[in-house]
Every structure is written in C-alpha cells, then in structure tokens.
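2 protein chains.
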Amino acid sequence: MTVAAGNQSRGEIAPGTRDDDAASATLASVELEVAQLLRRAERTHASGEPTGARRTGLDRSGYLLLHALGTHGPQHINALAARLGLDASTVTRQVVALEKAGRVRRTRDPDDGRAVVVEPTEGGLLQLTEHRSARADLYSDVLRDWSRLDRALLAELLARLNEGLDDYRRRRDTD
Amino acid sequence: MTVAAGNQSRGEIAPGTRDDDAASATLASVELEVAQLLRRAERTHASGEPTGARRTGLDRSGYLLLHALGTHGPQHINALAARLGLDASTVTRQVVALEKAGRVRRTRDPDDGRAVVVEPTEGGLLQLTEHRSARADLYSDVLRDWSRLDRALLAELLARLNEGLDDYRRRRDTD
DNA sequence: GGTAACACCTTGTAAGATACACCCATGACG
DNA sequence: CGTCATGGGTGTATCTTACAAGGTGTTACC
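If you read the protein sequences in the order shown, they are chains A and B.
Final position of the first sequence in my numbering is 1064; the numbers increase by one with none missing.
Final position of the second sequence in my numbering is 1064; the numbers increase by one with none missing.
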C-alpha cells in the first residue's frame, strides 16, 4: 500500500508566503506530536502498564533486540548495534540482560574468536510472539475507534517516518 | 482536516478470518513502528544532534513543559503534571531545572500558600520559539521527500494517536 | 478556635536506557 | 614476531521518570 505520493508543489520560490507558513506549521506540528508521543508511549511501554513489560517481561529494548534477531537471524553484537542504531556497549548490556532471562544465547563465533554470536532461544521467540500479541491487543484498544483505513495509513506513515529518520541519521553520520 | 473516517467494516463476526488476520497484522505493525520511532526519535531528540537540545539548550521535557506553559498560561505544578501526564515530583524537578536556566519563574500562589505558580519568562518563550523552529527545520529535512498531503496526514494521525493514548490511559486510570 | 483530614510540593531513593571513553583479547598483515 | 585493526565488555555519567515519605499550608467540622 502506498499513500498519496504525488501532489507536492515543489520549488518553494517565494519564502514567507501563506503556503510556506502552512508547511512549517505542519512540520512544527509533526515535531510536537512526535515529542508527545515519545512521552506517552514510553510510559505506556514501560512501567505503568501490566499488560506490557511486566507481564511478558520484555522491555522495549529487549523487544526490539529480539525482534531483530527473530527477523534477521543470529548476529554479532556489532551487527545488532548497527541495525538497531545503538552503541555496541548498549547492545552488550541488553544482550547480557536477555541472556540472564534465558531469551538469547551467546556463543563465541568459531570463525572469529573475537566475535560473539547472539541467537534467540526457543523461549525467547515464544516470548517475543506473546509480547507482540499483547501489544497488538493494547493498540487494538487504543485505536478502537479508528477505521481500518486510518490504521493502515498510520502504520504506513510511521514506517516511512522511521525510514526518514534512519536516512537522516545516516546522512548526518556520513558527514 | 479530517482523514477518511468511515470505511470500517465493524462487527468482526468470524474470528480467524483473513480480514481479522490483516487487522491484527496492521496493529502489530503500528506497535512495532511506534516502538522503533521511540528509539529513533529519542536519539534524534536527545544527545546526538547538535541542532537540537545542545544548541537551543532545551531537552524534551523542558520543551514540552514550556510548550504547556506557552499554550495554557501559568499554572500550578499539579496542573502541569496532570496536563503532561507526569508525576508531580518529576514536574517539580523539571521546573527547578528550567528555573535555574532562567526559562521559568516560580512564585507562591497568593491565593493558596501551598501552591506554586509556574510561569514562563520572556527568555523562556523566546527559546521555545527558537527550539520549535530548529526542530521544524530538522523535520523538514527528515520529511524532505514527503508530499504536503502526506505530511499533513502524518501530523493528523499522530495527533489522533496521542489522543488515543491519552484516552486509553484515562480509561485505565479510572478503573 | 482547635484539631483532624486533606492538598500541594519537595526531597530521597531507585530504576531503565543510553553514550563515550577505555581496556582486553583476538586476528591480520608485513 | 610485532604492530595495528576489530570485536566486545566495563566504568562512569546523563537523562527521565516513578514511588514513598515528609513538611507546610488549608479547609472542614465540632
């Protein structure tokens, strides 16, 4: 599915026009909403909420890490760090935590004694699934008044926003 | 502006149908994207990025707090806490930090000796504006390939998602 | 008015996520 | 071999937040 992708009046020739104002109002609004979303979702994700972290025992970091492992298979710490856009030291700690909880396994790479292969356990994958489903239920409640179309739009736009942020980051890092 | 609000085929009578699967896939996707967004935006917001917090000296908490003050005027700590969905102790600390930075003023409420009125300073409001504009520039870069329409859609859907999360929270708290 | 209950804010303490700067072990190459 | 690069782990620091407990001012009620 692709959201209306044309329609852009490029070439904003005259700065300070009404159009320009509207455009920057939109951007400001996106920015503000994202900032607020961070706060809200953080709290919904983290502590407050018995359906989430506590019950399934997966916090956001663990969830995303397991997701990466589930989707892209066993990987080295550095690969995970790159994929998740995190510092390797952070990933190390997260992996250690997950290992303690029995959700991943850590083994030395036989082909490279420096490297560590991180691999999800059965239990880890199971918990990932459970967590995902619990979270989906939650969002089903949060979005209960939304139309199918709007939900799909939201998913799509969020995905694109994430891509945009990734690209932005890469651009800045490459400088 | 309102996004397509109808179209929902309610009454999901037969669980396990294809429609149902699609719906829960959408939810799962929203959930995952939000989780990822948190991570990304957090980092874009916080440290990594010289255009943001460091340069304007406003972190996310301060930004949202000042925004609340700018939009709704001087308020008590508790009112802010309620509005921001935070614990009062957290707001106290944030206000103290902003006060140290000269961005808000704290005075005893003459009508109620227990309460503290928090009020933005000139400089605080100025910095809020600057920050907002810097952030808008950032998002203008992040969303540079997006059509006007899609940006507006994103803003709208994010706003609704935030509302949804708020409502959800209220529902749970009221239980 | 006096006391008890309540409201508002602050401080103490703790937890999670993350980064950066270092350090150690291993591998690669001359 | 010896030097440099690479992969990971540790020490430390920051930021954000919550819950619990305490101080001080208000209100309500006898």
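Glycine included, each C-beta is placed from N, C-alpha and C at the ideal position.
Look at the Cβ atom of residue i, then the Cβ atom of residue j, and state whether they are nearer than 8 Å.
i                : j                : result
leucine 969/B    : alanine 957/B    : yes
leucine 1046/A   : leucine 1027/B   : no
tyrosine 1057/A  : aspartate 1030/B : yes
aspartate 1000/B : histidine 965/B  : no
So which residues of chain B does residue i contact, with C-beta pairs closer than 7 Å?
i                : result
aspartate 1030/A : Tyr1057
histidine 1024/A : Looking at the sequence itself, residue 1024/A is arginine, so the reference to histidine does not match. Chain B residues near arginine 1024/A: Glu920.
Only counting the same chain, and skipping five residues up and downstream in sequence, which positions put a Cβ closer than 7 Å to that of residue i?
i               : result
arginine 995/B  : Val984, Glu988, Val1005 and Val1007
glycine 959/A   : Pro1009, Leu1014 and Leu1017
arginine 1059/A : none
threonine 981/A : Ile966
arginine 1061/A : none
Return no unless some Cβ of chain B is closer than 8 Å to the Cβ of residue i.
i               : result
leucine 1047/A  : yes
valine 923/A    : yes
histidine 956/A : yes
leucine 1054/A  : yes
alanine 942/A   : Because alanine 942/A sits at a pLDDT of 39, beneath the cut-off of 50, its placement in the model cannot be relied upon, and the following sentence gives the value as read from the coordinates. Cβ-Cβ to chain B under 8 Å: no for alanine 942/A.
By Cβ distance below 8 Å, which residues in the same chain neighbour residue i in space, the five residues on each side in sequence not counted?
i                 : result
proline 939/A     : Annotation note: pLDDT 40 at proline 939/A (below 50); position unreliable, coordinate value reported separately. Cβ within range, chain order: n/a, list empty.
aspartate 1055/B  : Gly974
tryptophan 1035/B : Leu1043
Enumerate in chain order the residues of its own chain whose CB-to-CB distance from residue i is below 6 Å, with the five nearest sequence positions on each side excluded.
i             : result
glycine 951/A : Leu987
alanine 977/A : Ile966, Asn967 and Ala970
serine 936/A  : With a pLDDT of 42 at serine 936/A, under the threshold of 50, the modelled position of this residue cannot be trusted; read the value that follows with caution. Taken in chain order, the list of residues that qualify is empty.
alanine 990/B : none
valine 919/A  : none
With a cut-off of 8 Å on the beta carbons, I'd call residue i and residue j a contact; round off their distance for me.
i                : j                 : result
leucine 953/A    : leucine 973/A     : 6 Å
arginine 1037/A  : alanine 1048/B    : Their Cβ separation, rounded to whole angstroms, is 19 Å, which puts arginine 1037/A and alanine 1048/B out of contact at 8 Å.
histidine 1020/B : leucine 947/B     : 4 Å
arginine 992/A   : glycine 1012/A    : 6 Å
arginine 929/A   : asparagine 1051/B : 6 Å
leucine 1032/B   : glycine 1053/A    : 6 Å
alanine 1025/B   : alanine 917/A     : 5 Å
alanine 1041/B   : threonine 915/A   : 5 Å
Beta-carbon of residue i versus every beta-carbon of chain A: anything under 8 Å?
i               : result
arginine 851/B  : Outside the shown range of chain B (890 to 1064) lies residue 851/B, about which nothing can therefore be said.
alanine 912/B   : yes
aspartate 909/B : no
serine 936/B    : For serine 936/B, the predicted structure reports a pLDDT of 41, less than 50, and the residue's modelled location is therefore unreliable. The matter cannot be settled from this model.
Going along chain B in order, which residues have a C-beta closer than 8 Å to the C-beta of residue i?
i               : result
threonine 915/A : Arg1037, Arg1040, Ala1041 and Ala1044
leucine 969/A   : In chain order: nothing, as chain B lies at least about 13 Å away.
leucine 953/A   : Ala924, Gln925 and Arg928
What does residue i touch in chain B if you count any residue whose Cβ is under 9 Å from its own?
i               : result
arginine 1021/A : Ala917, Glu920 and Leu921
For residue i, which residues in chain A fall below 7 Å Cβ to Cβ?
i              : result
arginine 949/B : Ala924 and Leu927
leucine 987/B  : Those do not exist, as leucine 987/B stays about 16 Å from chain A at its closest Cβ, beyond 7 Å.
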